[in-house]
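To start, the structure itself, in structure tokens.
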Amino acid sequence: MNEQRISPSYAQILTVASAFFLEVLDATIMIVAIIPMASNLGASISDTTLSLASYLLALVLFTPLSATLLKTLALADKFQAGLVIFCAGSLICALSQDLYLLCIGRLIQGLGSALIVPAGRALILANTLKPAIPKTMAWLITPALTAPMVAPYIANLIISVGNWRLIFVFIALFAVGLMIACRRLLFSLPRPATPHPPLDYYAYSLWALAACALFITFLASSKNQMDDALMAATVMLISAVALYKKTRSPSRKKLFDLSLFSSWAFKLNIVSGSLFRISIYAFPTLLIINLMTSSSFSVTSIGHCLAFIFAGNFLSKPAAVKVLSGGTYLKHYLIGSALATTLTLSVFLIPSLIQQLPALWLCCFLHGCARSFQFLGYSSISLREVGPTRMHHATVLMGSVMQLNALIGQAVPALLMALFIPQALTQDSSTVFFRVGIGTLTALVFITVLTALFLPSSSKVTFQSSH
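Each residue of the sequence shown is one higher than the last, beginning at 413 in this note's numbering.
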């Protein structure tokens, strides 16, 4: 079936990419302000961190509803509505006088972001020809990769001229700017018709219960409350099993469009890609905790490790696009990128390589390059067989799984800390914590190498034009 599409302009792509940048910025910029926030609100640092983390929980809870919420609106309208909600949540955070209102504001921000990301990505990719998807995905992803690098500097600059509340005002103003850009640029794109089957509320309740239980597992583990963590983990597993059985049973109502799994590429991104994403989300936290407790490096030098990881991500993206779009065999690409990520993780188990700053920074940079190649591979090929009318459902399912991956990635360090660092961060306990953590993450990524080896022969076909 021939589909007439108007390829999005760079301005339209960058408008959506800027929204992704804002989402990541909002999740990372407040780290610098946790201490002054806690002091101003009269709360503990751990409780303040919990309130900020509620944003991530909101993304996990609300992203599956993205296709159902405001379903009468076109994608561009839904994108703009999400920005309005996100802006309102930011202003509530700026005006909050206690942790309860701050938590409410963060939940509202998460609701808005859950609408913004799937709708924006679907709008762009539904109007993108298949051969251009890798390049378009790179444009969508790259600005977001810079957010963790610039977030501390933006936060410090704002705090130096005011206080932490101005950070949320800045985020709200950023959202207003995107609303204007959306109105001027995105409403001219064709609006793909997206069918909306009735929502399976029972399946969604199981999803929400599992996500909340996972979040409680994370929190209880971080406070070494292992009985509570075990109970929450049990609830999570029971809910997950019930959800799996429910989604497998035939029903007119749906939480996700599971017919998307008929595509090997989409299934690969959800299953194997989840192992990869959990690993890369957990790695920076493991590395920073280990360096801060077992090395003599300054805080600034340790912070540069993150900068080198994201620099490798950013600088290698054009090369990844060229390789992926240049007629390479997809199976070989996935095997090579997964092997590279596995190797660049495993080198951190060699003490001599991470005890010298130049070698440490080089390892971080190379790891950033490897994960950039693998991330783009999963993101691009997963949508190559998805038509415009199903693109929104595909991005909702992908977004829900990716947010869940991020939540699990945050839980991995907390669980390991509870097991190996029960009282305080000593050098010996930190070393065990780090080695077990890196070994676990390396094993997870190596599984993605094995899954790539067993891909069907059709996976050797490069991107084909669909017009």
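From the three backbone atoms N, C-alpha and C, an ideal C-beta is built for every residue, glycine too.
Keep in mind that this is a model prediction, so the values were computed, not measured.
> In three-state DSSP terms, what is Lys-547?
Replying inline: Along the sequence shown, read from residue 1 onward, the residue named residue 547 stands at position 135. Lys-547 falls in the helix class under three-state DSSP.
> Is it buried or exposed for Leu-462, if we count other Cβ within 10 angstroms and need 16 for buried?
Replying inline: Working through the sequence shown from its first residue, we reach residue 462 at position 50. Buried, by the Cβ-count rule.
> Which residue comes first and which comes last in the alpha helix (DSSP H) that contains Leu-769?
Replying inline: By one-based count along the sequence shown, residue 769 stands at place 357. Residues 769-793.
> Exposed or buried, what is Ser-708 when buried is set at 16 or more other beta-carbons lying within 10 Å of its beta-carbon?
Replying inline: Taking the sequence shown and counting its residues from 1, one reaches residue 708 at position 296. With fewer than 16 Cβ atoms within 10 Å of its Cβ, Ser-708 is classed as exposed.
> If you check the beta carbons only, do Met-803 and Leu-537 fall under 9 Å apart?
Replying inline: The count along the sequence shown starts at 1 and reaches residue 803 at position 391. The count along the sequence shown starts at 1 and reaches residue 537 at position 125. Contact: yes.
> Are there 16 or more other CB atoms within 10 angstroms of the CB of Gln-416, so buried, or fewer, so exposed?
Replying inline: Position 4 of the sequence shown holds residue 416. Because Gln-416 sits at a pLDDT of 49, beneath the cut-off of 50, its placement in the model cannot be relied upon, and the following sentence gives the value as read from the coordinates. Gln-416 is exposed by the Cβ-count criterion.
>> Using the Cβ count rule (16 or more neighbours within 10 Å means buried), how would you classify Gln-492?
In response: Translated into the one-based positions of the sequence shown, residue 492 becomes position 80. The residue in question, Gln-492, is buried, as its Cβ has 16 or more Cβ neighbours within 10 Å.
>> I want to know whether the segment 714-731 touches the segment 657-668 - three or more CB-CB distances under 8 Å.
In response: The segment 714-731 is not in contact with the segment 657-668.
> In three-state DSSP terms, what is Lys-483?
Replying inline: Mapped onto the sequence shown, residue 483 falls at position 71. In the structure shown, Lys-483 sits in coil (DSSP, three-state: anything other than H, G, I, E or B).
>> Using the Cβ count rule (16 or more neighbours within 10 Å means buried), how would you classify Ser-877?
In response: Against the sequence shown, residue 877 aligns to sequence position 465. Legend: pLDDT at Ser-877 = 44, less than 50; position of this residue unreliable, no value from coordinates given.
> In terms of residues, what are the limits of the alpha helix (DSSP H) holding Asn-702?
Replying inline: Numbered from 1 along the sequence shown, position 290 holds the residue referred to as residue 702. Unbroken alpha helix (DSSP H) run through Asn-702: 676-706.
> Among Phe-695, Gln-424, Ile-682, which has the Cα closest to the Cα of Leu-552?
Replying inline: By one-based count along the sequence shown, residue 552 stands at place 140. Ranking the options by Cα distance to Leu-552, first place goes to Gln-424.
> Would a C-beta distance cut-off of 9 Å place Phe-688 and Val-857 closer than the cut-off?
Replying inline: As a working mapping, residue 688 is identified with position 276 in the sequence shown. As a working mapping, residue 857 is identified with position 445 in the sequence shown. For the pair Phe-688 and Val-857, the CB atoms are nearer than the 9 Å cut-off.
> Where do the ends of the alpha helix (DSSP H) carrying Leu-867 lie?
Replying inline: By 1-based counting over the sequence shown, the position of residue 867 is 455. Run containing Leu-867: none; DSSP gives neither H nor E here.
> Quick one: Cα of Leu-862 to Cα of Leu-527, how far?
Replying inline: For the purposes of this step, residue 862 is taken as residue 450 along the sequence shown, with counting starting at 1. For the purposes of this step, residue 527 is taken as residue 115 along the sequence shown, with counting starting at 1. Rounded to whole angstroms, Leu-862 to Leu-527 spans 35 Å at the Cα level.
> In this structure, does DSSP put Lys-542 in helix, strand or coil?
Replying inline: Within the sequence shown, residue 542 is the residue found at index 130, counting from 1. It is helical.
> Going along the chain, which unbroken runs of the alpha helix (DSSP H) with 4 or more residues stay wholly within the segment 595-683?
Replying inline: At a cut-off of 4 residues, the continuous stretches assigned as alpha helix (DSSP H) that sit fully inside the segment 595-683 are 613-634, 638-660.
>> Using a Cβ distance threshold of 8 Å, determine whether the segment 557-571 contacts the segment 438-449, with at least three qualifying pairs required.
In response: Output reads yes: the segment 438-449 touches the segment 557-571.
>> Within a Cβ cutoff of 6 Å, which residues of the same chain sit near Ala-584, ignoring the five residues on either side of it in sequence?
In response: The residue labelled residue 584 in the question sits at position 172 within the sequence shown. The beta carbon of Ala-584 sits closer than 6 Å to those of Cys-499, Ser-502, Leu-503, all from its chain and outside the five residues before and after it, given in chain order.
> Do you know how far the Cα of Phe-695 is from the Cα of Leu-727?
Replying inline: Numbered from 1 along the sequence shown, position 315 holds the residue referred to as residue 727. Numbered from 1 along the sequence shown, position 283 holds the residue referred to as residue 695. Across the structure, Leu-727 and Phe-695 are spaced so that their CA atoms are roughly 20 Å apart.
> Quick one: Cα of Thr-807 to Cα of Ser-764, how far?
Replying inline: Sequence index remark: in the sequence shown, residue 807 carries index 395 (1-based). Sequence index remark: in the sequence shown, residue 764 carries index 352 (1-based). Roughly 42 Å between the two C-alpha positions.
>> For the pair the segment 593-612 and the segment 459-474, tell me if three or more CB-CB distances fall below 8 Å.
In response: Flag = no, the segment 593-612 and the segment 459-474 do not touch.
>> Can you tell me whether Pro-420 is helix, strand or coil according to DSSP?
In response: In the sequence shown, residue 420 corresponds to position 8, counting from 1. Coil.
> Considering only residues of the same chain and omitting the five flanking positions on each side of Leu-781, which have a CB-CB separation below 6 Å?
Replying inline: The residue labelled residue 781 in the question sits at position 369 within the sequence shown. Per the sequence shown, residue 781 should be read as Cys rather than Leu. Here the set comprises Gly-724, Ser-728.
> Do you know offhand how far Thr-852's Cα is from Met-549's?
Replying inline: Counted from its first residue, the sequence shown places residue 852 at position 440. Counted from its first residue, the sequence shown places residue 549 at position 137. Distance between the alpha carbons of Thr-852 and Met-549 is about 29 Å.
> Can at least three beta-carbon pairs, one atom from the segment 516-525 and one from the segment 622-629, be found at a separation below 8 Å?
Replying inline: The answer is no - the segment 622-629 does not touch the segment 516-525, with fewer than three Cβ pairs under 8 Å.
> What separation, rounded to the nearest whole angstrom, lies between the Cα atoms of Pro-420 and Arg-596?
Replying inline: Start at 1 with the first residue of the sequence shown, and residue 420 comes out as number 8. Start at 1 with the first residue of the sequence shown, and residue 596 comes out as number 184. Counting only the Cα atoms, Arg-596 lies some 13 Å from Pro-420.
> For the alpha helix (DSSP H) that Ile-447 lies in, which residues bound it at each end?
Replying inline: Numbered from 1 along the sequence shown, position 35 holds the residue referred to as residue 447. Boundaries of the alpha helix (DSSP H) harbouring Ile-447: 446-453, taken from the DSSP string.
>> Rounded to the nearest angstrom, what separates Ala-559 and Lys-658 at their Cα positions?
In response: If you number the sequence shown from 1, residue 559 lands on position 147. If you number the sequence shown from 1, residue 658 lands on position 246. Their backbone Cα atoms lie some 38 Å apart in a straight line.
>> In this structure, how does DSSP classify Arg-577 when only helix, strand and coil are distinguished?
In response: Working through the sequence shown from its first residue, we reach residue 577 at position 165. Helix at Arg-577.
>> Between the alpha carbons of Leu-698 and Ile-850, how many angstroms are there, rounded?
In response: As a first step, residue 698 must be located in the sequence shown, where it is residue number 286. As a first step, residue 850 must be located in the sequence shown, where it is residue number 438. One Cα belongs to Leu-698, the other to Ile-850, and the distance between them is close to 8 Å.
>> Could you tell me the alpha carbon to alpha carbon distance between Met-638 and Thr-712, rounded to whole angstroms?
In response: Counting from one through the sequence shown, the residue named residue 638 turns up at place 226. Counting from one through the sequence shown, the residue named residue 712 turns up at place 300. Met-638 and Thr-712: Cα-Cα distance of roughly 34 Å.
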